[in-house]
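Comments concern the structure below.
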């Protein structure tokens, strides 16, 4: 009976230590956002970003937003355009 209890305690401690080491590894490789926020230099101005979306994607996003307004899940046209911009940013070749 003592051997079973000792094995159970050992297995439990092993699992807990593995989980703790995995959590610490994940945190050390990618720290939490509030802790990793850099203080911006007040002397450096913001970079200019252009928002040149053609008429068709704007109209389609607006139509989807208006059509989903009464639905259980409302789709915001701003979110749609942000996703579109992110997709184009990370899938387009670098200039």
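Residue numbers (mature numbering (1 follows the signal peptide of the UniProt record, and there is no 0)): -26 to -1, 1 to 69. Every residue gets a Cβ at the ideal spot worked out from N, C-alpha and C, and that includes glycine.
Same chain, Cβ closer than 8 angstroms to residue 50, neighbours up to 5 away in sequence not counted: 39
DSSP three-state label for residue 47, please. coil
Have a look at residue 26 and residue 46 and give me their C-alpha separation to the nearest angstrom. For residue 26 and residue 46, the gap between their C-alpha atoms comes out near 31 angstroms.
Could you tell me the boundaries of the alpha helix (DSSP H) in which residue 27 lies? From DSSP, residue 27 is part of no alpha helix (DSSP H); its letter is neither H nor E.
Can the beta-carbon of residue 55 be found less than 7 angstroms from the beta-carbon of residue 35? yes
When 44, 59 and -8 are compared against residue 28, the one with the closest alpha-carbon: Taking only the C-alpha atoms, the option nearest residue 28 is 59.
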